[in-house]
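**Student:** Below you'll find the structure I mean.
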Amino acid sequence: MKLDLDQLRELIRLLDEANLTEIEVEQDDDRIRVRRDPAPAVGVPSSESKAAHKAQSSGSAVAPSAPEEDDGAYITSPFVGTFYRAPSPDGEPFVDIGDSVVPGQVLCIVEAMKLMNEIEAEVAGTIVEVLVENGKPVEYGDRLFRIEIG
Amino acid sequence: MKLDLDQLRELIRLLDEANLTEIEVEQDDDRIRVRRDPAPAVGVPSSESKAAHKAQSSGSAVAPSAPEEDDGAYITSPFVGTFYRAPSPDGEPFVDIGDSVVPGQVLCIVEAMKLMNEIEAEVAGTIVEVLVENGKPVEYGDRLFRIEIG
Amino acid sequence: MFEKVLIANRGEIALRVIRTCRELGLRTVAVHSEIDADALHTRLADEAICIGPADPRRSYLHIPAIIAAAEITGAEAVHPGYGFLSENSEFAETCAQCGLEFIGPLPEQMRLWGDKVSARALAKSLGLPTLEGTDIIKDIEDAVRKAEALGFPVLLKASGGGGGRGMHVLQSKEGLRSVFETARAESRAAFGNDSLYFEKYLERPRHIEFQILGDTHGNIHVLGERECSIQRRHQKIIEEAPSVALTEEMRSDMSATIRRAMGEVGYLSAGTLEFLLDERGELTFLEMNPRIQVEHPVTELVMGIDLIHEQIRIADGQPLALPSQSLTPRGHAIECRINAEDPDTFAPSPGVITELHMAGGTGVRVDSGIFGGGRVPAHYDPLVAKLIVHAPTRAQAIAKMRRALGETIIGGIRTNIPLHQRVLEHPAFEEGRISTKFLEELPT
Amino acid sequence: MFEKVLIANRGEIALRVIRTCRELGLRTVAVHSEIDADALHTRLADEAICIGPADPRRSYLHIPAIIAAAEITGAEAVHPGYGFLSENSEFAETCAQCGLEFIGPLPEQMRLWGDKVSARALAKSLGLPTLEGTDIIKDIEDAVRKAEALGFPVLLKASGGGGGRGMHVLQSKEGLRSVFETARAESRAAFGNDSLYFEKYLERPRHIEFQILGDTHGNIHVLGERECSIQRRHQKIIEEAPSVALTEEMRSDMSATIRRAMGEVGYLSAGTLEFLLDERGELTFLEMNPRIQVEHPVTELVMGIDLIHEQIRIADGQPLALPSQSLTPRGHAIECRINAEDPDTFAPSPGVITELHMAGGTGVRVDSGIFGGGRVPAHYDPLVAKLIVHAPTRAQAIAKMRRALGETIIGGIRTNIPLHQRVLEHPAFEEGRISTKFLEELPT
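In order, the protein sequences belong to chains H, X, E and G. For reference, each letter of the first sequence is one residue, going 39 to 188 in this note's numbering. For reference, each letter of the second sequence is one residue, going 39 to 188 in this note's numbering. For reference, each letter of the third sequence is one residue, going 66 to 509 in this note's numbering. For reference, each letter of the fourth sequence is one residue, going 66 to 509 in this note's numbering.
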């Protein structure tokens, strides 16, 4: 048996970068697994923060992309700011539940520093859930819409 | 089976370096797995102490008793002090390996504050090992003799 | 100078002494019970000796085991910390007989101040103001006579008592007989001495104490006062320095009186004179503690000194040489005693520390005996850590302590941190309107 | 007074600012990248906003995200800490335009001192002693001319540089051409500016810096000096206050000069003037850092003040009101920067903290951004904690730091603690015989 250490190192780098706990690869008869169990949370201050940690540390969406998940995909916010569903206070929402969307279609606005940032769909699909109320603040990575791809 | 120890060492080094808990590699019919469970004791200072922690925290003997263990029983020290095998510097040892002892028989002296505390056997048996050198300091709970009961 | 010091204690105070020893280049020997084999003081000392089982009577209170540990390690001096053997004159004497330097007062001083009745008489003879009180009560008839002569309310106290134990308040002679009998039995059981006496009972006194140091050259330094009025059943839980209740005049008058009195008895090492301060501003002597105290860090912070260092210098026969600035406090310091106990029921809460985050930053000092993954045994004092802050003003010190308590996380055991937070948030505390009744009267 | 402060930073300095805000009753907003969702500053602030991915250019350096975070949380002021956007005048200006109080100097001051060549000219015009140096070098011929006029050895520096980056020593004109071309390319890449200039090169200078504070009422306070000569590749790793190399006269002369100079430019908030001290005892101006610095705690300890508190007071328009005693140091303070890096190769060592025990006790301050079980990401500065000690004398401070380093345990990552221990044990360090070359010349 001959180990390909470089390949192994590459896997570890990937594990780190993506903040994973395990990678397992099986090919033909070969199998590699690297694993890092999260350190037991001794000494973790968890009770003090009054902050609502809405942002999940595992949130992997770094763009208004639509990562596949078991229960559909999500459009996440690429900006910190205020979420608006319509182009003006009296306007119609850009999209609503049940609407079909195509790539490039504007779904909402996230306002920051008086700039209206239009958030566009990157995939085609159907809006099945609106996850943030109009006019509410959103953080980077917050889920805005759930979408059924296709 | 022929082990490639260098390869194994390399894997362990990688495990350490990358702070992993497990690496498993399977190739053809070979499989290597190295694993280190995360220490639960986060925040345990372990490197600083220069003290030789001879006393085991699990040491359950609190008297010169002879608790059963897989490899015989032990006579432990009920005092902190200096261990003497004989009643005087030139005297014969109270007991030696191979000697049979009966309950109440003096096995050694532990001297503390100029007092000679005679340590007596509490069970009958045969001395199979003397674990402390004559004239050496002993802590509370230190093993003095291994004894075969019966 | 001795080069190796055995610390006859455990927990935060053992660490406290180890730290100063290390800074002075002295080697340290920890003694520990079986259950403390992995304790912090065991780990951080240069050497550690197991001296007995968890039961303190067979380990930390067992004089022959401690002396033997010094013998086999070649320790030349012993620091007793507080509690355990720290006020045991027999231990101090045994150390001396075995050629070990005892870092603390002389045995005769311990005896002199150990008995509360004789201590009060001595204090009075030395010119210290004392609370009106009686001699030892002979019997129940004598008790009634003495109480009436003193005037109710009175406090029935055990002559051999300490730490607030064995005390009973009597508002009138009703029930005196049964209380007297109970107290006598308690005192006999707890202190091996059933002598009782009366003291005038003050309704809402403050507890004020003065820190002193005396050396072998006859110098006495009075290092200001501490206010320790926040108590639960006579156990201090929050202490501060200086006290808002003393004027500069009161402070300097009492310091001068104490300096003279302690000079007269030739007091050696660190000691604390405890007083009650009544609502008219009168300080009356309560007792003298011939040892380092739990709350000594608040004095260290405002005076800029290390009291353990001074104790070691004194034991080595060196003269006190404190900078002149150390005689006036700088800023304000507060200490919260973090106990492993339920904050409401006060039931002890031993266990394994699963989470630990101690406060840090400007003006925060932590003296702790615990670590993440470590165990708080049920056998000893519930004090696990002392959180101590120092700031230019009392208001800033309070704000800092609130902040520090807020970021302290100790998981796996219950602690009295919520109780500390309630006190620190209370307007009366903020305004300095406190007394030894504060906690009792604090709404939950 | 503003009531809610956003801290545009992470790690220990974010915590440092949160702590003082909390003590002042101000609410705090932390901003954090995705990888810092569980970081200590995120957890300990009153509110936390995720502003972007781990890459600092898209989070901690991304001005619109930070401003937007202030907008959605209603923060009224911003503290930039050190590093990241702290010296970015555009950020300070944007804050002002958005109605946010920037807790720091005015943007024009940042620009004034940001360019090293113009800063030196300004300093000279203000009467500060400056190191002999040249204007911007035009081309390679000009470089040879200027270097020879100044006299070798010379130091080639980037006008837009900082933190010791982009500097090259030239012992003679040999190799000047290639070094000049390399340096120009480096400078363009690193600072977007390829202006270079020469300075006289000192062989074994000390790095001495003075802490200043200026308020909106025209008051300038000079809060003594720090010695930061223990550096590795121009990165400070150990700092102390005061410096053993300054006499009382040098200190007060330079303080007076700085007070006059900074009063003339109307400097606001905290700032540091860095100097080199040559072997003849001459101080020459190096640069001015218009922000709070990593090593500010040593000044806080010896002066008994809270510099972040003063910055906040100044931003609120209040006049400086420091006690007079804060203008003379009390005792000696030392800071060790604990970095997540290999102590020998200096390779960064990110990872998960598996064991953590920080030092405590008398005179020990810990400013840390880590906790047991937490992660040190690879994306940011390797500084994970600052261990700071305060003692009456320098010798005692050194003994205390050795003690504190000895009981500090950080598992799961490698740290430079062994390097600190080697420095602290070195006789030359003990005797105060140090220079910026100390580490380079330290035998391993």
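From the three backbone atoms N, C-alpha and C, an ideal C-beta is built for every residue, glycine too.
In terms of alpha-carbon separation, which member of V363(E), H282(E) and T473(E) lies closest to E290(E)?
**Tutor:** When only C-alpha atoms are compared, the closest one is V363(E).
**Student:** Of the choices E490(G), E112(G), T85(G) and K69(G), whose alpha-carbon is the least far from that of E166(G)?
**Tutor:** Residue K69(G) is the option with its Cα nearest to E166(G).
**Student:** When the distance is taken between beta carbons, is E339(G) closer than 9 Å to E352(G)?
**Tutor:** Cβ distance < 9 Å, so E352(G) and E339(G) count as in contact.
**Student:** Which residues of chain E have a Cβ atom closer than 8 Å to the Cβ of F436(G), listed in chain order?
**Tutor:** Those are H422, listed as they occur along chain E.
**Student:** Counting only the same chain and skipping the five closest in sequence on each side, list residues whose C-beta sits under 6 Å from that of F67(E).
**Tutor:** Only E141, A142 and E166 meet the Cβ criterion.
**Student:** Compare the Cα-Cα distances from E77(G) to each of G225(G), E251(G) and P145(G) and report the closest residue.
**Tutor:** For the residues G225(G), E251(G) and P145(G), the minimum Cα distance to E77(G) belongs to P145(G).
**Student:** Taking buried to mean at least 16 other C-beta atoms within 10 Å of its own C-beta, is Q276(G) buried or exposed?
**Tutor:** By the 10 Å Cβ count, Q276(G) comes out buried.
**Student:** Could you check what DSSP says for I474(G) in three-state terms: helix, strand or coil?
**Tutor:** Residue state, collapsed to three classes: strand.
**Student:** Compute the beta-carbon to beta-carbon distance between L105(E) and G439(E), rounded to the nearest angstrom, for a pair I have assumed lies under 8 Å.
**Tutor:** At roughly 7 Å, the Cβ-Cβ gap stays under 8 Å, so L105(E) and G439(E) are in contact.
**Student:** Tell me, which residues are paired with E354(E) by DSSP?
**Tutor:** Per the sequence shown, the amino acid found at residue 354(E) is Asn instead of Glu. In DSSP, N354(E) forms a bridge with T337(E).
**Student:** Using the three-state DSSP reduction, which class does V170(H) fall into: helix, strand or coil?
**Tutor:** V170(H) falls in the coil class under three-state DSSP.
**Student:** Does I132(G) pass the burial test, meaning 16 or more other C-beta atoms within 10 Å, or should it be called exposed?
**Tutor:** Counting Cβ neighbours within 10 Å, I132(G) comes out buried, since at least 16 surround it.
**Student:** Which same chain residues, not among the five before or five after P413(G), have their C-beta less than 7 Å away from its C-beta?
**Tutor:** Same-chain partners within the cutoff: A405, E406, A443 and P447.
**Student:** Among residues of its own chain, excluding the 5 on either side of Y122(X), which ones have a beta-carbon nearer than 8 Å to its beta-carbon?
**Tutor:** C146, I147, V148, E149, M154, N172 and G173, listed in sequence order.
**Student:** D432(G) versus chain E: which residues are under 7 Å apart at the beta carbon?
**Tutor:** Those are G425 and G426, listed as they occur along chain E.
**Student:** Closer than 6 Å by C-beta to I302(G): which residues in its own chain qualify, once you throw out the five before and the five after it? Chain order, please.
**Tutor:** Excluding positions up to five away in sequence, the list reads I295 and R402.
**Student:** Comparing alpha-carbon positions, which option in I137(G), V287(G), I323(G) and I463(G) lies nearest Y178(H)?
**Tutor:** The candidate whose alpha carbon is nearest that of Y178(H) is I137(G).
**Student:** Between the C-alpha atoms of T93(E) and E472(G), what's the straight-line distance to the nearest angstrom?
**Tutor:** Near 14 Å, if we compare the C-alpha coordinates of E472(G) and T93(E).
**Student:** Consult DSSP for D54(H) and reduce its assignment to one of helix, strand or coil.
**Tutor:** Here D54(H) sits in helix by DSSP.
**Student:** Taking L53(G) and I435(G) to be in contact with their CB atoms under 8 Å, please state how far apart those CB atoms are, rounded to whole angstroms.
**Tutor:** Outside the displayed span of chain G (66 to 509) sits residue 53(G), for which this structure offers no information.
**Student:** Looking only at C-alpha atoms, which of A79(E), E112(E) and S124(E) sits nearest to I100(E)?
**Tutor:** It is S124(E).
**Student:** Check whether the stretch 264 to 274 of chain G and the stretch 340 to 360 of chain G touch, using three or more Cβ-Cβ pairs below 8 Å as the test.
**Tutor:** As far as the Cβ criterion goes, the stretch 264 to 274 of chain G touches the stretch 340 to 360 of chain G, which means the pair count is three or higher.
**Student:** For chain C, is any of its Cβ atoms less than 9 Å away from the one on D66(X)?
**Tutor:** Of the protein chains in the structure, H, X, E and G, none is chain C.
**Student:** So within the stretch 416 to 487 of chain E, which uninterrupted alpha helix (DSSP H) runs reach at least 4 residues, ignoring any that extend past its ends?
**Tutor:** You should have 459 to 471.
**Student:** Given this structure, state the Cα-to-Cα distance separating L261(E) from H233(E), to the nearest angstrom.
**Tutor:** Rounded to the nearest angstrom, the two C-alpha atoms are 11 Å apart.
**Student:** Run through chain E and tell me which residues come within less than 8 Å of L109(G), C-beta to C-beta.
**Tutor:** Going along chain E in sequence order, the residues near L109(G) (Cβ under 8 Å) are E472.
**Student:** Does any C-beta atom of chain H lie closer than 9 Å to the C-beta of E155(G)?
**Tutor:** Closer than 9 Å: no.
**Student:** I'd like to check one pair, A102(G) with I83(G): are the Cβ atoms closer than 9 Å?
**Tutor:** It is not a contact, given that the beta carbons lie outside the stated cut-off.
**Student:** Terminal residues of the continuous alpha helix (DSSP H) containing A79(G)?
**Tutor:** A79(G) -> alpha helix (DSSP H) spans G76 to E88.
**Student:** How many angstroms separate the CA atom of A104(H) from the CA atom of A469(E)?
**Tutor:** Here A104(H) scores only 46 on pLDDT, less than 50, and its place in the model should not be relied on; the value that follows carries that caveat. Their Cα atoms are separated by approximately 43 Å.
**Student:** Check the Cβ of A538(G) against every Cβ in chain E and list those closer than 9 Å, keeping chain order.
**Tutor:** Here chain G comprises residues numbered 66 to 509, so residue 538(G) is not present and cannot be evaluated.
**Student:** According to DSSP, what are the bridge partners of R498(G)?
**Tutor:** Paired residues: none, contrary to the question.
**Student:** Against P175(H), what residues of chain G qualify as contacts under a CB-to-CB distance less than 7 Å, listed in chain order?
**Tutor:** Ordered by position in chain G, the residues that pass the 7 Å Cβ test against P175(H) are I137.
**Student:** Against chain E, with Cβ distances strictly below 9 Å, would Q529(G) count as a contact?
**Tutor:** Nothing about residue 529(G) can be read from this structure; chain G reaches only from 66 to 509.
**Student:** At which residues does the alpha helix (DSSP H) containing C160(G) begin and terminate?
**Tutor:** Per DSSP, C160(G) belongs to the alpha helix (DSSP H) from S154 to Q162.
**Student:** Quick check on T364(G): does DSSP put it in helix, strand or coil?
**Tutor:** In the structure shown, T364(G) sits in a helix (DSSP, three-state: H, G or I).
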